[in-house]
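Chemist: Heads up, the sequence shown is in our numbering, so the first residue is 2 and it goes up one at a time. Quick reminder that beta carbons are idealized off the backbone N, C-alpha and C, glycines included. Could you have a look at this structure, given as structure tokens, before my questions?
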Amino acid sequence: MKIHYPLIMLFSLIVFSACKKKDAPLLTSVEGRWRLVKVDGCFSGQGAHITDKQELILQGREYRLFVDDKLIVTDTFHFEQTTTSFGKEWTLLLGKSPTYYVRFTSNAMFLENRNPDACSPTYAKVY
Numbered sequence: 002m003k004i005h006y007p008l009i010m011l012f013s014l015i016v017f018s019a020c021k022k023k024d025a026p027l028l029t030s031v032e033g034r035w036r037l038v039k040v041d042g043c044f045s046g047q048g049a050h051i052t053d054k055q056e057l058i059l060q061g062r063e064y065r066l067f068v069d070d071k072l073i074v075t076d077t078f079h080f081e082q083t084t085t086s087f088g089k090e091w092t093l094l095l096g097k098s099p100t101y102y103v104r105f106t107s108n109a110m111f112l113e114n115r116n117p118d119a120c121s122p123t124y125a126k127v128y
């Protein structure tokens, strides 16, 4: 029986390239400093261009929003789990601001406003 080395190499390459990458570490706390990196949606559907440095600091049950290092608003926040047509989802309530649906990756917080004309910001964790 003849061994087909190129076929074995190709098979090995396919098998090992299909292996799952190591998962990113999970975010252990939402507390800390978050910087605005992207805005999607909005009235035009094109998102918005970020012209100012915007940071959100979450600490305890309080949030502070800074624009160009100037404090703009301080208020309370809390997370709440709700059941939607998509299943169970987390919402973020920021004081008197609209409610956002929130999801996290290893270092990003995506806030989604389900109003089609509203903007949905993405913040990156600042370490």
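Judging by CA-CA distance, which residue of 98, 111, 115, 116 is the nearest neighbour of residue 38?
Modeler: Minimum Cα distance to residue 38 is reached at 111.
Chemist: Which word fits residue 88, buried or exposed, when buried means at least 16 other C-beta atoms lie within 10 angstroms of its C-beta?
Modeler: Looking at its Cβ environment, which holds fewer than 16 other Cβ atoms inside 10 Å, residue 88 is exposed.
Chemist: From this set, 82, 35, 42, which residue's C-alpha is nearest residue 59's C-alpha?
Modeler: For the residues 82, 35, 42, the minimum Cα distance to residue 59 belongs to 35.
Chemist: When the Cα of residue 96 is compared with those of 55, 62, 72, 40, which residue comes out closest?
Modeler: Checking every option, the nearest Cα to that of residue 96 belongs to 62.
Chemist: Starting from the Cα of residue 78, find the closest Cα among 119, 32, 108 and give me that residue.
Modeler: Closest option to residue 78, Cα to Cα, is 32.
Chemist: If I follow the unbroken beta strand (DSSP E) through residue 71, where does it start and stop?
Modeler: Taken as a continuous stretch (DSSP letters only), the beta strand (DSSP E) holding residue 71 covers 71 to 85.
Chemist: Could you work out which residue in 99, 74, 123, 103 is closest to residue 82 when comparing CA atoms only?
Modeler: Out of 99, 74, 123, 103, 103 has the C-alpha closest to the C-alpha of residue 82.
Chemist: Helix, strand or coil for residue 128, going by three-state DSSP, please let me know.
Modeler: The answer is coil: DSSP assigns residue 128 none of H, G, I, E or B.
Chemist: Helix, strand or coil, according to DSSP, for residue 107 in the structure here?
Modeler: Note: residue 107 maps to coil in three-state DSSP.
Chemist: Can you tell me where the beta strand (DSSP E) holding residue 65 begins and where it ends?
Modeler: Where residue 65 is concerned, the enclosing beta strand (DSSP E) stretches over 63 to 68.
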